[in-house]
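As structure tokens, the structure follows; a few thoughts come after it.
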Amino acid sequence: TQNQYLEEFIKLRAEMLNRMLQNEGLSEQPLCCQCGVKLARWRCLDCAPGVFCRGCCRVRHQPDPFHRVEKWVGEFYAPAQMYEVGVTLALGHNGIVCPLMRQKAELDLVNDEVDDKVANGALGKDDPADNDEGWEDDDDDKEAGKQRYSPLEDEFGNKFVNVIDVAGITPLPMVCCQCNDNGVVNQLLDRRLLPASFKSPKTMFTFRVLKDFRLSNLEAKTTGYQYYQKLRRVSNPAFPHLVPNSYPELRRASRMWQNLMQLRWNGFGYSERPREVQEGKTLLLPGPGELAMFCAACPQPDVNLPDDWETRYTKNEVMRSLVVDGNFSADHLRQKQADLDVFLSEGQGMMTARHPYKEHLAVARDEMEKDGCDNSFKAIENANSGDVARKDVTGIVGHACGRHGCYVPRSVVDLQKGERQANVDWSFQECIKGMNLGSIRKILHIYDIACQYHKKLRLRVERNEFLEIPDIELEKGIGSFHVHGHQESCYPRYGTIYIPGAGWIDGEILETLWAILNQTSRSIRTATLGHRAEILDDHMNDSNWKKMVAIVGRIIEKFKRAVENQERFTRYFAELTASASTANVEEWTKEIEQAESQRIRKPDAMDVMKARVPQAPGLVQTASTLVDQEERGTQGVVSWIRTGFRLEDTQVEIAYLVRKGGTFPNVEDRTRITAKRDTLVKQIDKFNLLSERYLGLHAMERFRREAESNDNDVDAMEDSDGDELAPVDDPIRRPEEIRLALPSNFPPDMMAVFDKAQVVDLELELRKGVANDLLAGIRAAVGRKSVLWKEVRTSATKRYATRSKTTLRRVDLHVYHQRRLYNVNRLAMMRLGLDRKELDFGQYRELLKTDVHSSRAIERPNEAGQSQTQLPWIWTVNNDPNARHNQNYLTECSYKILPDKFSLT
């Protein structure tokens, strides 16, 4: 185990440390490990253990001059540079100095003899490598008090250059080949070096370090600055600030390297089809999206579909699925002289081309509509947002294939001010062009706000000369997570589970892709726009590549799961069909088939998929019915009673805040409570004054006398199963304790003498509506709690679990508040004369804590014993008393999902 290994280490720790310290010293009269004749005082930190003489160290490292070396200086090994042993950056002869440079070879031999004498102690400190000849500080370095990292040139006038490798920054004199007329750039490329400039290169990068930086950026999301700081510390661990700063060169060279590799990997340079001529040389340039990798598993004619696919498969079987979403983490800060920015692969990868996109935005106009759903969504809320003063890009929006999660080439566009329809329109158009659609004419388009986006899509296309979306059959869908935030009707209209041919797809795949891409924000936020586009292209392309190399195993895994689920659901569906009458099955099947045939042009046809569960009338419906039934001269009674209900809700809320604050609430809670109490006192006085109109002056006078000696139900009511919040011991009477002048707060003997006798019956009916609303809300909240508990217990990350727990606490608080309101309302119905059977065994029983516990059936539906579990009474009562004997809706609820929705695709 891990602990056992560490225990063994503790036993050997002292011996290991002693051995490592011994290796830091120099043995007496050590001989060169290469020649075995001369004394050695040089060692390489990157080669196998051993020490070298100067000549052997030079010969050993001339072909590989980027290692780190150290020199023995009498008491310890000091950092040194390769040029000190005569190593050069030799070009043209596989790392060996050009034969025409004979003077260089002769001088090396002389220096070797001098170094051997120093090693024998004959020359003491007169080491040529230790003198200052050739070291000239320029004025800038002298002013800054810095030492030059390397000489300007060697004895033969060869300029020193900085070579950047994974082993660090190495200064070397560059010796070009004199045997041929190849340019210095070609000679550097032959040496597997990429220069940062081309006329007189002074900084160059090994192919190895460029590969390593790209992988570090892709996998660890390391920025260019962080990576170069690491190289500086590798080069000089003690004083990294003395190492030259070539960070700008790294950014430039990495862009050039990435572009060259993309061209190479995608086959450009091999073809004989020239597209452009530059300075007399043919250059094959890629077209839009041709430097991007797309999904190889999605149906594509001439790629993975047989020649007779149009007759072999139905439209639903080859339907392409797309998911679109915005990402506001991929923003960009404004740069100076942005118009001078150079793009190396504009529009050739995942990002769209700039100029056509700008022309489209200049004439595009959003057809905004009032949001028809109950909830607002991020895309709508951000439509007019964006810190345009500091940012020129507020995010991106893009498309990915819905099944496998691969970005679609040329479909990712920048956002200028929120997620507008114009941005998504262009992304959708470019997506269709870049997804190799061929003659496939059906697409499933999944968007968080598809119910609003697609309403006027065709109109926007017709009005914009730069938009061109082919005449295709377009299915609209909303992701499984977001659809539950829409109004109820959006679920059957746009839920992916109801779309034929969609299979089991959640439509939220881009959310997982964004989570990874967001980690690049440090690299792209302050980069130039061209560099930013190339980084995003590279990361999205790499994401697609990872998915493709693992796609076979993933499809096999999904296929096995789909086969298992299809068998299970088919068996369940057959049993369900057998339990229903033949007439019902025929009626429901006909309704479903008719709705699915109309769903594209008429989404509301899918409303038939909603189970027609009878609902008990809530407060609004009850109030509307009673107003219609009120006799002449009694208008306003219902409105007055509903006002009392609202005040009652406020009393419960304040009572909770007081109990939560305890005996010594903080300043914020005390201020909040005081403000609510001041407002409530005024509202109660106004309400009680108005009550005289409906209850009579005599009744109100007696009410005021008796109310002074009695508490209301809000504070007096105690849950029979206890309460988590202890009451506050406060002798001062509070507005949340004042009884409201509602009929339910009067003694029974006075209810018969009210000026308007029907107020008792009206309040009772309205109380029933309130109770129905509260029970429905509690059921929904308890169901939500069950889902949240599952998310907490199965979450893969602590961050996601913490977020779910926070939401769970809010839902729990909501349930607590609703339960107290229900019990207060129930006590009022009891005083108004509601039948005891309804109160004890019927629709309006007492609501205990155990009745609002979340169900484990959602988290573990197949757990042993679930079939024997008895649900609390709130789940078993029939909401609509008029539908007490109608059980067909239970069967209909389950029947509305046909087995063909569980497709193997």
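Using the UniProt record's numbering, the final residue of the sequence shown is 905, and nothing's skipped along the way. C-beta atoms are modelled at their ideal positions from N, C-alpha and C, and glycine is treated no differently.
Per the C-alpha coordinates, the member of Lys-391, Asp-339, Pro-244, Gly-95 positioned closest to Gly-168 is Pro-244. Beta-bridge partners assigned by DSSP to Thr-203: Asn-162.
With fewer than 16 neighbouring CB atoms inside 10 Å of its own CB, Met-16 falls in the exposed class. Beyond the five residues adjoining it in sequence on each side, Arg-232 comes within less than 6 Å, by CB distance, of Pro-240, Val-243 in the same chain, given in chain order. With respect to the C-alpha of Val-397, the residue from Met-350, Ala-502, Glu-653, Met-293 having the closest C-alpha is Met-350. Arg-255 carries a helical assignment under DSSP once its states are collapsed to helix, strand and coil. Annotated as distal: Leu-740 and Leu-619, with beta-carbon spacing of 8 Å or more. Using a 10 angstroms sphere on the CB of Glu-736, the tally of other CB atoms reaches 16 or more, which defines it as buried.
For the set Gly-287, Arg-252, Leu-39, Glu-706, the Cα lying nearest the Cα of Leu-263 is the one of Gly-287. Between the beta-carbon of Phe-205 and that of Ala-238 there is about 24 Å, and that puts the pair past the 8 Å contact cut. Look at Trp-514 here: in three-state DSSP terms it is helix. Counted as a single uninterrupted DSSP element, the beta strand (DSSP E) harbouring Met-174 occupies residues 168-175.
Contact between the segment 285-303 and the segment 415-422 is absent, with fewer than three C-beta pairs closer than 8 Å. Distance check between Ala-595 and each of Ile-555, Tyr-498, Trp-545, Val-552 places Tyr-498 closest, using alpha-carbon atoms only. By the CB criterion at 8 Å, Pro-63 and Asn-18 fall outside the cutoff. By the CB criterion at 8 Å, Val-166 and Arg-208 fall inside the cutoff. A direct Cα-to-Cα measurement between Glu-701 and Arg-779 gives close to 41 Å. Collapsing the DSSP output to three states places Arg-264 in a helix.
Taking 4 residues as the minimum length, the alpha helix (DSSP H) runs contained wholly in the segment 519-571 are 521-524, 529-549, in order along the chain.
The DSSP-derived three-state label of Phe-687 is helix. Of the other Cβ atoms in all chains shown, 16 or more fall within 10 Å of the Cβ of His-539; this residue is therefore buried. The alpha-carbon of Asp-46 is positioned some 24 Å away from that of Ala-220. Rounded to the nearest whole angstrom, the C-alpha separation of Pro-617 and Asp-851 is 22 Å. Pro-603 and Lys-391 have their alpha carbons spaced roughly 39 Å apart. Rounded to whole angstroms, the separation of the alpha carbons of Glu-70 and Ala-78 is 5 Å. Collapsing the DSSP output to three states places Leu-626 in a helix. With contact defined as three or more Cβ pairs closer than 8 Å, the segment 396-413 and the segment 451-464 are not in contact. Around the beta carbon of Met-20, fewer than 16 other beta carbons lie within 10 angstroms, which makes this residue exposed.
For Ile-592, there is no enclosing beta strand (DSSP E); the enclosing alpha helix (DSSP H) has its first and last residue at 582-598.
According to the DSSP assignment, His-445 belongs to the beta strand (DSSP E) that extends over 442-447. Our two residues, Thr-807 and Glu-511, have alpha carbons roughly 19 Å apart in a direct line. In the structure shown, the three-state DSSP call for Tyr-270 is coil. The alpha-carbon of Gln-29 is positioned some 23 Å away from that of His-61. Cβ-Cβ separation between Asn-436 and Phe-328: approximately 30 Å, too far for a contact (criterion under 8 Å). Gly-405 and Leu-322 have their C-alpha atoms some 9 Å from each other.
Nearest in C-alpha terms to Leu-626, of all of Asn-666, Leu-764, Asn-745, is Leu-764.
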